[in-house]
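From first to last, the protein sequence lines stand for chains Y and G.
full-length UniProt numbering numbers the first residue of the first sequence as 1 and each following residue consecutively.
full-length UniProt numbering numbers the first residue of the second sequence as 1 and each following residue consecutively.
Protein chains: 2
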Amino acid sequence: MSGKFDFRLLSCDGRARRGELCTGRGRVQTPAFMPVGTLGSVKSVTPEEVRSCGADIVLANTYHLYLRPGHELIRDLGGLHRFMHWERPILTDSGGFQAFSMTGLCRVDDHGVRFQSHVDGSSHVLTPEKSMEIQAALGSDIAMVLDECPELPAEYERIESAVARTTAWARRCREAYTGPGVPFAIVQGGPWEDLRARSARELQELDFPGYAIGGVSVGEPAEAIARVAGLTAAMLPEDKPRYLMGVGRPVDLIFGVDSGLDLFDCVMPTRNARNGTLFTSMGKINIKRNEFRDDPSPLDPDCSCETCSNYTRAYLRHLILSGEMLSARLNTIHNLTYYLGLMETMRHAIEEGSFSAFRREYLDSPAAGRYGGDDR
Amino acid sequence: MSGKFDFRLLSCDGRARRGELCTGRGRVQTPAFMPVGTLGSVKSVTPEEVRSCGADIVLANTYHLYLRPGHELIRDLGGLHRFMHWERPILTDSGGFQAFSMTGLCRVDDHGVRFQSHVDGSSHVLTPEKSMEIQAALGSDIAMVLDECPELPAEYERIESAVARTTAWARRCREAYTGPGVPFAIVQGGPWEDLRARSARELQELDFPGYAIGGVSVGEPAEAIARVAGLTAAMLPEDKPRYLMGVGRPVDLIFGVDSGLDLFDCVMPTRNARNGTLFTSMGKINIKRNEFRDDPSPLDPDCSCETCSNYTRAYLRHLILSGEMLSARLNTIHNLTYYLGLMETMRHAIEEGSFSAFRREYLDSPAAGRYGGDDR
Numbered sequence: 001m002s003g004k005f006d007f008r009l010l011s012c013d014g015r016a017r018r019g020e021l022c023t024g025r026g027r028v029q030t031p032a033f034m035p036v037g038t039l040g041s042v043k044s045v046t047p048e049e050v051r052s053c054g055a056d057i058v059l060a061n062t063y064h065l066y067l068r069p070g071h072e073l074i075r076d077l078g079g080l081h082r083f084m085h086w087e088r089p090i091l092t093d094s095g096g097f098q099a100f101s102m103t104g105l106c107r108v109d110d111h112g113v114r115f116q117s118h119v120d121g122s123s124h125v126l127t128p129e130k131s132m133e134i135q136a137a138l139g140s141d142i143a144m145v146l147d148e149c150p151e152l153p154a155e156y157e158r159i160e161s162a163v164a165r166t167t168a169w170a171r172r173c174r175e176a177y178t179g180p181g182v183p184f185a186i187v188q189g190g191p192w193e194d195l196r197a198r199s200a201r202e203l204q205e206l207d208f209p210g211y212a213i214g215g216v217s218v219g220e221p222a223e224a225i226a227r228v229a230g231l232t233a234a235m236l237p238e239d240k241p242r243y244l245m246g247v248g249r250p251v252d253l254i255f256g257v258d259s260g261l262d263l264f265d266c267v268m269p270t271r272n273a274r275n276g277t278l279f280t281s282m283g284k285i286n287i288k289r290n291e292f293r294d295d296p297s298p299l300d301p302d303c304s305c306e307t308c309s310n311y312t313r314a315y316l317r318h319l320i321l322s323g324e325m326l327s328a329r330l331n332t333i334h335n336l337t338y339y340l341g342l343m344e345t346m347r348h349a350i351e352e353g354s355f356s357a358f359r360r361e362y363l364d365s366p367a368a369g370r371y372g373g374d375d376r
Numbered sequence: 001m002s003g004k005f006d007f008r009l010l011s012c013d014g015r016a017r018r019g020e021l022c023t024g025r026g027r028v029q030t031p032a033f034m035p036v037g038t039l040g041s042v043k044s045v046t047p048e049e050v051r052s053c054g055a056d057i058v059l060a061n062t063y064h065l066y067l068r069p070g071h072e073l074i075r076d077l078g079g080l081h082r083f084m085h086w087e088r089p090i091l092t093d094s095g096g097f098q099a100f101s102m103t104g105l106c107r108v109d110d111h112g113v114r115f116q117s118h119v120d121g122s123s124h125v126l127t128p129e130k131s132m133e134i135q136a137a138l139g140s141d142i143a144m145v146l147d148e149c150p151e152l153p154a155e156y157e158r159i160e161s162a163v164a165r166t167t168a169w170a171r172r173c174r175e176a177y178t179g180p181g182v183p184f185a186i187v188q189g190g191p192w193e194d195l196r197a198r199s200a201r202e203l204q205e206l207d208f209p210g211y212a213i214g215g216v217s218v219g220e221p222a223e224a225i226a227r228v229a230g231l232t233a234a235m236l237p238e239d240k241p242r243y244l245m246g247v248g249r250p251v252d253l254i255f256g257v258d259s260g261l262d263l264f265d266c267v268m269p270t271r272n273a274r275n276g277t278l279f280t281s282m283g284k285i286n287i288k289r290n291e292f293r294d295d296p297s298p299l300d301p302d303c304s305c306e307t308c309s310n311y312t313r314a315y316l317r318h319l320i321l322s323g324e325m326l327s328a329r330l331n332t333i334h335n336l337t338y339y340l341g342l343m344e345t346m347r348h349a350i351e352e353g354s355f356s357a358f359r360r361e362y363l364d365s366p367a368a369g370r371y372g373g374d375d376r
């Protein structure tokens, strides 16, 4: 392990934590949400826009960048930060989740994951060492270990063996990593508390700079996500950052922060934006709906993003129905502003000791009103 | 006719003219290139970006906006400027060209054009009066008359009848127009000098605030465009703006300015951008090519646009090959900067009396090097 890395807790409010993560590429105020820039681009927006929406850090996908344009190419061009023109912190996933989920043929054994590229069908093997090599070449500030993440529902024995393999792979990742950042471990264990505990304990024995909760939001109901995230968070060390992977809706972020988690990522704000599903202070809306046909008001009167400052709902509806590319961009700017603004509000609430009041108020507000049930 | 409108010639250099067009929405420095915002959006970029690329005026398409979202909706929302968040001048075409070219069934008679929507197959009739009504509702600053524009090659008699109908329709448009801007007439006549002269003479008898050259770039070779544009320009009044419709390549703009034309529009910079064809000081390149795979240099070292300032050729190639939406946007910003920068260079050259030297230098430079032949 190399690289400047430090995590400081600034204040706590209940289990919710306000912290600061210091990397060689700058600071991340936590709790933080990381916009997803799969292929080295947060879809439709520039790094400057991602930043002005409020992001301190972005996530990029190892699997995708390994296949296209290739990690060696990116390394030779000065690393991912320079390549994508984002000089602030980057977290990369291990590539394992996509190798499991995006590819046709996929075989896992103790050695690693054998898969076929979704781009051209070519065969590849992702081992813990290979994943670390790729992430080191990309030059990310936080590199995630390769883990085994079974889809749910799965049997206890299946998850138990994934926990054992995840620990073994985490050890290999820890030893193999030579990049400029730090590796984070990933706790597995599915819905079982004893397996989560075992995974958390085994990984802490390896002493990682940060810990993630994996294997959530992989097919189980929303309640299960909150339960597992909450119980696993309590198993993780106080003084290290805790990252809930791939979650989720605004209310999930609130529950996550309430459980003492510090980092989040999800494609929801960006992907939903491209589909016309927009997060507002009045709840989630689909801008394609006929009711917005001649609506001269801004998307969200409580929002001061570029989209809400300059365009009407009628125009945003026109853009998406006409297939105009500007649609994705304006919608993405708004949704990212919403998500990142929500994180900022939570950070302030924790600082002021008013997090539980904020939480209660949000859950009673129209913003949360339409999130009932498992509507991811 | 209403609205503030004035055209002043500031200086001339040979036939090339440096002028200023004053509208109620602001001034347009001529010779000017108008980026195309078909559906009320220059594809993939914001109005602020269009402006910072150097545009004084944009073009929007009457046919498209009439079908989606509808001109009455736009009127009720305060007009097209407010709708698309572009407060500077807008020119709208008549809708005729698209009704002729984009629709399956299309019948023309003296009354107007009957066509079926390319969106949903619904039947519509576009008359001179209807075209003016739509453009008045949009609130454009320059409204183009409905003209008949036959595809080339066409027989003399066919073009002769189109000229007669175009004059008759121009008269009806002139009488019907009640919008906030001014109407421009369109000279037809195909490749025949006598028909062009007749069309130009008949339209000038109607005394329009500006004149366009239509029926070029509709299937004929590049040499024919330059010839017809040149001879028709000489038939138009000195003190009125002259607009060459739908043209073209950078060299066509240079020939057009050299012929005394003032306004131009073309989808080429924006459409080519989305295909990865980019205009540079070294000539036209396709950024998808393998030679750019690991190229760390900016797209055009002589360009200071956002794209060339922040990104490498390798990254631009990666974006387009990966289907990333940011690709269209970064490429569009560059191509518009190139086109609008070329216009600015020509304006300065005319002011300094060095237009013919500029023209010679450009045509001898690598920038023009790959434009030989009819490679539109």
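Cβ atoms here follow ideal geometry from the backbone N, Cα and C, with glycine treated the same way.
Who are residue 83/G's beta bridge partners in DSSP?
Residue 83/G pairs with nothing; no bridge assigned.
Please list, in chain order, the chain G residues whose beta carbon lies closer than 8 Å to that of residue 44/Y.
325, 326, 329
Distance, residue 191/G Cα to residue 38/G Cα:
28 Å
With DSSP collapsed to three states, give me the class of residue 19/G.
strand
Beta-carbon separation of residue 274/G and residue 331/G under 8 Å?
yes
Beta-bridge partners of residue 11/Y, as assigned by DSSP
DSSP lists 18/Y as partners of residue 11/Y.
Which residues in the same chain have their Cβ closer than 6 Å to the Cβ of residue 169/Y, if we skip the five residues on either side of it in sequence?
128, 146
Apply the 10 Å Cβ neighbour rule to residue 300/Y and answer buried if 16 or more other Cβ atoms are within range, or exposed otherwise.
buried
Would you say residue 343/Y reaches chain G, if we count a Cβ-Cβ gap shorter than 8 Å as a contact?
no
In the DSSP assignment, the alpha helix (DSSP H) including residue 76/G goes from what residue to what residue?
71 to 76
Could you give the DSSP three-state label for residue 53/G: helix, strand or coil?
coil
Which residue marks the beginning of the alpha helix (DSSP H) containing residue 201/G, and which one marks its end?
193 to 205
Tell me the DSSP bridge mates of residue 106/G?
Note: residue 106/G sits in a beta bridge opposite 115/G.
Starting from the C-beta of residue 203/G, find all residues in its chain whose C-beta is less than 7 Å away, skip the five residues before and the five after it, and write them out in chain order.
167, 170, 185, 187, 211
Rounded straight-line distance, which links the Cα of residue 256/G to that of residue 226/G
7 Å
Taking the beta strand (DSSP E) that residue 285/Y falls in, what are its first and last residues?
283 to 286
The beta strand (DSSP E) with residue 183/Y in it runs from where to where?
182 to 187
Can you tell which of 214/Y, 130/Y, 136/Y has its C-alpha closest to the C-alpha of residue 97/Y?
214/Y
Quick test of your reading: residue 173/G and residue 235/G, contact by CB under 8 Å. State the CB separation rounded to the nearest angstrom.
At roughly 20 Å, the Cβ-Cβ gap does not stay under 8 Å, so residue 173/G and residue 235/G are not in contact.
Quick one: does residue 41/G have its CB under 8 Å from some CB of chain Y?
yes
Please give me, in chain order, every unbroken run of the alpha helix (DSSP H) with length at least 4 that falls completely inside the segment 122 to 151 of chain Y.
128 to 138
So the candidates are 216/Y, 305/Y, 68/Y; which of them puts its Cα closest to the Cα of residue 266/Y?
216/Y
Listed from N- to C-terminal order along the chain, which residues in the segment 82 to 98 of chain Y have their beta-carbon within a distance smaller than 8 Å of any beta-carbon of chain G?
Within the segment 82 to 98 of chain Y, the qualifying residues are 83, 84, 85.
At which residue ranges does the segment 256 to 328 of chain Y contain complete beta strand (DSSP E) runs of 3 or more residues, listed in the order of the chain?
263 to 265, 277 to 280, 283 to 286
Tell me which residues share the same chain as residue 386/Y and place their Cβ nearer than 7 Å to its Cβ, disregarding the 5 neighbours each side in the sequence.
Any question about residue 386/Y goes unanswered here, given that chain Y covers just 1 to 376.
Nearest-angstrom Cα separation, counted from residue 269/G out to residue 367/G
Using only the alpha carbons, I get a separation of about 14 Å.
Can you grab the Cα-Cα spacing for the pair residue 6/Y / residue 200/Y, in whole Å?
21 Å
Residues bridged to residue 90/Y [DSSP beta-bridge criterion]
58/Y
Below 7 Å on C-beta distance, what does residue 322/G contact in chain Y?
39, 68
Out of 324/Y, 323/Y, 26/Y, 12/Y, state which residue places its alpha-carbon closest to the alpha-carbon of residue 141/Y.
26/Y
Backbone secondary structure at residue 63/G - three-state DSSP
Residue 63/G: helix per DSSP, three-state reduction.
Helix, strand or coil for residue 27/Y per DSSP?
strand
I'd like to confirm the pairing. Which residues does DSSP put opposite residue 346/Y in its beta bridges?
Answer by DSSP bridge pairing: none, since residue 346/Y is not bridged.
For the candidate residues 82/G, 244/G, 94/G, 220/G, whose alpha-carbon lies nearest to that of residue 134/G?
94/G
For chain G, check one thing: does any of its Cβ atoms lie closer than 8 Å to the Cβ of residue 290/Y?
no
Would you verify that the beta carbon of residue 334/G is, or is not, closer than 8 Å to some beta carbon of chain Y?
Residue-level contact by beta carbon fails for residue 334/G and chain Y, as no gap is shorter than 8 Å.
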